[in-house]
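A.B. asks: Sequential numbering of the sequence shown, starting at 536, is according to the working numbering.
Ideal placement from N, C-alpha and C gives every residue a C-beta, glycine not left out.
Note that this is a predicted model, so its numbers are computed, not measured.
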Amino acid sequence: MSKKTTVTKLPSAIDQFESIAPSEEISRPTEELIVGMVGAVGAGVSRASVELKRILERDYGYSVEIIKASDLIRENANKTSNSNPEKEGANRIKELQAVGTELRDKFGEDYIAAKVIERIAVQRKTKGGYDESKKVPQPKRLRQATIVDSLKHPKETYLFRRVYGGIYWQFTVFSPESVREGRLRRLGIEKDQLPGIFTRDENDKEGDHGQKVSRTAYLSDFFIRNDGENDARLTAVIERYLEIIFNISVHTPTADEAGMYAAVSAASKSACLSRQVGAAIFSADGELISVGWNDVPKAHGGLYSSNDHDGDHRCYLWGEKHCHNDRKKEELYEKIFKKMKENNLLGKGVSNVKLRSALIETPVKDLIEYSRSIHAEMEAIVSAGRAGKIGMVGGTLYTTTFPCHNCARHIVAAGIAKVYYVEPYAKSLALELHSDAIDVRDGEDNKVAFLQYEGVGPDSALKLFHHGIERKEGGKARAVEKKTAQPVLPPPMDGFTTHEKRVIDHLESVEKRSIGATAMG
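Right under this line is the structure:
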C-alpha cells in the first residue's frame, strides 16, 4: 500500500507570476505528462497502464509513476463510515465502490482527482522539480509522466483538464461484458455478484456522487479495445497513440476515426434538450453516404435548423420550451397515481410524490417515444433515402451513442453491416429484443456487429491531426527523436503548478471543515 500523502506547501500563485518574465514563461514548455485511465471493472485498465508505462520508459526516456486511485480511496477511508475496506474478492470491489462514493459525497465529486493532484505535486518536489536557487522557487523541466489508474467520474476529468490543460491525456480501455466476466471469475468472484458490481461501476444510481464510468469514458482522447490476450496488439495501439501525442512522423485518421469524427460533427447541429447525438453512414468502400443528428423534423423533409429563423420550431424555442418527453412522462406518473387512487390500490398515506419516487426506479423513467426529435441514426438512414443515395447495404454506421432499440431495428432493416459507437446507452433494449440479428462481437455470421469504437477520440481529432506543427525541415519530412520529443500541446510549466497549488489549498480547506464538523457533531 502506498504511504499517506502529506500536504507540502508550494510557492504561492502570486509569487510565481511576479518572479517570471512573460517571455520566459512562454519559452518554458513542460515535458511532463499526466495520463488518466478509464475503464469498467474487468476491462484491463491496470494491464494497459503497465504497458503504457513500459513504452514511455523504453522509447521516450520518461520516468513514470502509476498512481492507483484505489490506494488513495483506501488511504482516505478513515474519513468515511468504513475505515478498513476489505482487500480482496468481490467485497473488496464493493466496499471500495462504496467508500469512493462516500468520499465524493462528503468532499465533492472531484475529490479523488484532487488527492491525485496533491500526490503529483508532492512527488515533483521530492524529485527536485523546483529550482530552489531562485528567490522564489520555480518549476524545473522534468521528463516525468504520471498514469492515474483509474478515473470513475466526469468531474475528475474536468479537474485534470482544468489544471493540466494540454499535458493531460485520457485513455479509455474497454472490453465486452463477457470478457470482463471471465476475468473477474478467474479472480474468484461469483457470477451472481457481477451484475451489481458492473451496474454500480458504470452508472451508479446513488445520485451524482456515485461512479459514472460510462460518462467519464466518453470524454477520453483515445479508446483502446482490450478484449483478448494479445499483448502485441495492445502494444501496437498504445505505440501509435503515443506517436500521435508526440508528433512522431505523420499520422492521419483511420477510416474509423474519420467516420466517428463525421458523426460527432453532425451531433453539434443538434438542439435537443436531452442529449446531442450524431451519426454517419459510410459505404463498404468507405465513401460517406449521409449524416444525421437528433432534432425535430419539419414539413416536406429534413430537420429544423438555425437557418429557419422565425420558422424554427425546435423544443428550446417552441411552446413552453420544455422537453416534451419529460413532460409526457410526468403526465404519465400523474395518470397512474389517479387511476390507482380511484381503484383503491394505494395504501393509506401513499402520496403522489411517494408513488412517483417508486415509478422512476422502473423502466417507465426510460421511455423515449414521447420525444419530438427523430433520432440521429434514423435521420441518417432517412436522409440517404431523400437524396436517392445508394450503398447503405453492407456499409458501416458510426454513432456517438449506442443505438436505442428503435434505431437498432431500422439499422438492421437498412442492411447496414456494422455499427461503431462511443458512449453506451443503458436504456437501449436492442440486444434483448434483437439478439437474433445483432451481436456485440465482430465476425458473428449473419448478424449486425455493434462494436465499441477504438481510435483517437473524435473530440480530440482536430487538435491531434490538425495542430499546425511543421511537418518538414529542409524540404524533407522532419525526423523526431522519441527520447527528446515534446507533446504537441505543452503549456508553460509555471501555469499548471499554480493551478495545482489552488487545488491543494482547496483540499486542505474542505478536509479541515469536515474534521471540524465531525468534532462538533
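Rank G1030, E989 and L1042 by C-alpha distance to the C-alpha of A752 and give the top, closest one.
C.D. replies: Counting from one through the sequence shown, the residue named residue 752 turns up at place 217. The option with the nearest alpha carbon to A752 is E989.
A.B. asks: Our contact map puts E712 next to I647 with C-beta atoms below 8 Å; I'd like the distance itself, whole angstroms only.
C.D. replies: As a first step, residue 712 is located in the sequence shown; it is residue number 177 there, counting from the start. As a first step, residue 647 is located in the sequence shown; it is residue number 112 there, counting from the start. That pair is no contact at about 25 Å.
A.B. asks: Is DSSP giving L986 helix, strand or coil here?
C.D. replies: In the sequence shown, residue 986 corresponds to position 451, counting from 1. L986 sits in a strand when the DSSP states are folded into three classes.
A.B. asks: For M875, count neighbouring Cβ atoms within 10 angstroms of its own Cβ and tell me buried if that reaches 16, exposed if not.
C.D. replies: For the purposes of this step, residue 875 is taken as residue 340 along the sequence shown, with counting starting at 1. An exposed status is given to M875, since fewer than 16 other beta-carbon atoms sit within 10 Å of its beta-carbon.
A.B. asks: What does a CB cutoff of less than 6 Å around K819 pick up in its chain, not counting 5 residues either side in sequence?
C.D. replies: Position 284 of the sequence shown, counted from the start, is the residue given in the question as residue 819. The amino acid at residue 819 is misidentified as Lys; the sequence shows Ala. Hits under 6 Å: G929 and G930.
A.B. asks: For K687 versus G723, is the C-beta distance shorter than 8 Å?
C.D. replies: Looking up residue 687 in the sequence shown gives position 152. Looking up residue 723 in the sequence shown gives position 188. In this structure, G723 does not lie closer than 8 Å to K687 by Cβ.
A.B. asks: Around the Cβ of R1037, are there at least 16 other Cβ atoms within 10 angstroms (buried) or fewer (exposed)?
C.D. replies: Reading the sequence shown from its first residue, position 502 is the one you call residue 1037. Exposed.
A.B. asks: By Cβ distance, which residues of its chain are closer than 7 Å to D594, with the 5 residues on each side in sequence left out?
C.D. replies: As a first step, residue 594 is located in the sequence shown; it is residue number 59 there, counting from the start. Hits under 7 Å: K1017.
A.B. asks: Alpha carbon to alpha carbon, how far is A798 from T934? Give it in angstroms, no decimals.
C.D. replies: Taking the first residue of the sequence shown as 1, we reach residue 934 at position 399. Taking the first residue of the sequence shown as 1, we reach residue 798 at position 263. Spanning the two alpha carbons is a distance of roughly 6 Å.
A.B. asks: Just to check my reading of the structure: V922 and S784 have Cβ atoms closer than 8 Å, yes? What is that Cβ distance to the nearest angstrom?
C.D. replies: The sequence position of residue 922 within the sequence shown is 387, counting from 1. The sequence position of residue 784 within the sequence shown is 249, counting from 1. Note on residue identity: the sequence assigns Ala, not Val, to residue 922. Between A922 and S784 a beta carbon distance of about 38 Å is seen, past the 8 Å cut, so the two are scored as non-contacting.
A.B. asks: I need the DSSP call for K726, collapsed to helix, strand or coil.
C.D. replies: Here residue 726 refers to the residue found at position 191 when the sequence shown is read from its first residue. If DSSP states are grouped into helix, strand and coil, K726 belongs with the helices.
A.B. asks: Could you please give me the residues that DSSP links to D830 through a beta bridge?
C.D. replies: For the purposes of this step, residue 830 is taken as the residue at position 295 of the sequence shown. DSSP, once it has assigned bridges, lists I909 as partnering D830.
A.B. asks: Cutting at 7 Å between CB atoms, please list the residues of its own chain near S685, excluding the five before and the five after it.
C.D. replies: In the sequence shown, the residue the question calls residue 685 occupies position 150. Hits under 7 Å: M572, V573, G574, V580 and A604.
A.B. asks: Using DSSP with H/G/I as helix, E/B as strand and the rest coil, what is T880?
C.D. replies: As a first step, residue 880 must be located in the sequence shown, where it is residue number 345. Note that residue 880 is Leu in the sequence shown here, rather than Thr. Three-state DSSP puts L880 in coil, outside helix and strand.
A.B. asks: Looking at C-alpha atoms only, which residue of A790, V917 and K641 is the closest neighbour of R1048?
C.D. replies: Indexing the sequence shown from 1 puts residue 1048 at position 513. Per the Cα distances, K641.
A.B. asks: Using the three-state DSSP reduction, which class does A1012 fall into: helix, strand or coil?
C.D. replies: As a working note, residue 1012 is residue 477 in the sequence shown. If DSSP states are grouped into helix, strand and coil, A1012 belongs with the strands.
A.B. asks: Which one of A649, E1043 and K675 has the shortest CA to CA distance from K660?
C.D. replies: Counted from its first residue, the sequence shown places residue 660 at position 125. Of A649, E1043 and K675, the residue nearest in Cα terms is K675.
A.B. asks: From which residue to which residue does the alpha helix (DSSP H) around L686 run?
C.D. replies: What you label residue 686 is simply residue 151 of the sequence shown in a count that begins at 1. For L686, there is no enclosing alpha helix (DSSP H); the enclosing beta strand (DSSP E) has its first and last residue at Q679 to L686.
A.B. asks: Rounded to whole angstroms, what's the CA-CA distance from E621 to A793? Just pull it up for me.
C.D. replies: The sequence position of residue 621 within the sequence shown is 86, counting from 1. The sequence position of residue 793 within the sequence shown is 258, counting from 1. Spanning the two alpha carbons is a distance of roughly 45 Å.
A.B. asks: For T1019, collect the residues of the same chain with a Cβ closer than 6 Å to its Cβ; drop the 5 residues on either side in sequence, then sort them by chain order.
C.D. replies: Residue numbering aside, residue 1019 sits at position 484 when the sequence shown is read from its first letter. Once the five neighbours on either side are set aside, T1019 has no close Cβ partner at all.
A.B. asks: If we ignore side chains and look at the alpha-carbon of each, how far apart do R697 and F872 end up?
C.D. replies: Counted from its first residue, the sequence shown places residue 697 at position 162. Counted from its first residue, the sequence shown places residue 872 at position 337. As the crow flies, the alpha-carbon of R697 is around 46 Å from that of F872.
A.B. asks: Which residues in the same chain as V947 place their Cβ atom closer than 8 Å to its Cβ, once the five residues preceding and following it in sequence are excluded?
C.D. replies: Counting from one through the sequence shown, the residue named residue 947 turns up at place 412. If we look at V947 and ignore the five residues flanking it on each side, its Cβ neighbours are H969, A972, I973 and V983.
A.B. asks: With DSSP run on the structure shown, which of helix, strand or coil describes A649?
C.D. replies: Looking up residue 649 in the sequence shown gives position 114. The answer is helix: DSSP assigns A649 an H, G or I state.
A.B. asks: Residues in the same chain with beta-carbon distance under 8 Å from K962, minus the five sequence neighbours each way, listed in chain order, please.
C.D. replies: Translated into the one-based positions of the sequence shown, residue 962 becomes position 427. For K962, where only same-chain residues beyond five positions count, the Cβ hits under 8 Å are D901, I903 and C939.
A.B. asks: Alpha carbons only, please: which of K629, A633, K650 and E567 is nearest the one belonging to H1041?
C.D. replies: Translated into the one-based positions of the sequence shown, residue 1041 becomes position 506. Of K629, A633, K650 and E567, the residue nearest in Cα terms is K650.
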